[in-house]
Amino acid sequence: MKWHSYKLIANSNNAGVVDLVFDESCIFCKIVRRRAPASIIYENESVMAFLDIRPLNLGHTLVIPKDHYVDIFDIPENLLSEVHILSKKNSLAVKKATCSDGISIIQQNGKSAGQDIFHFHVHVIPRFERQHMPQFSELKEVERGKLDDMAAKIRQEL
Ligand SMILES: [Zn+2]
Numbered sequence: 023m024k025w026h027s028y029k030l031i032a033n034s035n036n037a038g039v040v041d042l043v044f045d046e047s048c049i050f051c052k053i054v055r056r057r058a059p060a061s062i063i064y065e066n067e068s069v070m071a072f073l074d075i076r077p078l079n080l081g082h083t084l085v086i087p088k089d090h091y092v093d094i095f096d097i098p099e100n101l102l103s104e105v106h107i108l109s110k111k112n113s114l115a116v117k118k119a120t121c122s123d124g125i126s127i128i129q130q131n132g133k134s135a136g137q138d139i140f141h142f143h144v145h146v147i148p149r150f151e152r153q154h155m156p157q158f159s160e161l162k163e164v165e166r167g168k169l170d171d172m173a174a175k176i177r178q179e180l
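Add 22 to a position in the sequence shown, counting from 1, and you land on the number used in our numbering.
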């Protein structure tokens, strides 16, 4: 298997051709394909929500398209809509599950903007009164068991 972007023809019949775009070197593409662990909250055929392994607060979720699009500049509008619809649903569930005061939605495009993983993603972050916003690079990894427990809690609120 080559470590670069390629197109997989997942389904070709008279109804049409479905192209799924993967990047073998991308951690989010690996999560989509179950080649890397993640505490998954929700997925359908086009979008997915899972917990950030380095949360600002427990419940910090990443919402992604399953296909590999780098940023706002190359993601198709219909898929962008699906990602943001799931971000809204997930925000309501995260707010209930974490009893947070608010939710920050953050989405960065390009290294200069602070993008760290170059697969489009929306951060859904539970926020609490009087907590300042740290740099994402300061955040520490959380053990899988705690993430799995929180993912289950959020799933119940979806
Ligand atoms: Zn990817």
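C-beta atoms are modelled at their ideal positions from N, C-alpha and C, and glycine is treated no differently.
Query: Three-state secondary structure assigned by DSSP to residue 21; Result: Given that the chain is displayed from residue 23 to residue 180, the structure contains no residue 21 and the question cannot be resolved.
Query: Proximity of residue 164 and residue 59 at Cβ, strictly below 9 Å; Result: no
Query: Through-space distance from residue 159 to residue 69, alpha-carbon basis; Result: 26 Å
Query: Contained beta strand (DSSP E) runs [length at least 3] in the stretch 52–120, N- to C-terminal order; Result: 62–65, 69–73, 83–87
Query: Best match in 148, 100, 48 for proximity to residue 118 [C-alpha to C-alpha]; Result: 148
Query: Rounded distance between the beta-carbons of residue 139 and residue 50, thought under 8 Å; Result: 6 Å
Query: Environment of ligand 1 in chain order, Cβ to heavy atom below 6 Å; Result: 45, 48, 50, 51, 90, 141
Query: Straight-line Cα distance separating residue 99 from residue 79; Result: 30 Å
Query: Residue 167: first and last residue of the uninterrupted beta strand (DSSP E) it sits in; Result: From DSSP, residue 167 is part of no beta strand (DSSP E) but of the alpha helix (DSSP H) over 166–179.
Query: Contact test: residue 49 Cβ vs ligand 3 heavy atom, cutoff 8 Å; Result: The ligand content of the structure shown is limited to ligand 1, which means ligand 3 is not among them.
Query: Beta-carbon proximity of residue 89 to residue 102, cut-off 9 Å; Result: no
Query: Proximity to residue 133 [Cα-Cα], best of 86, 127, 142; Result: 142
Query: For residue 142, the three-state DSSP class (helix, strand or coil); Result: coil
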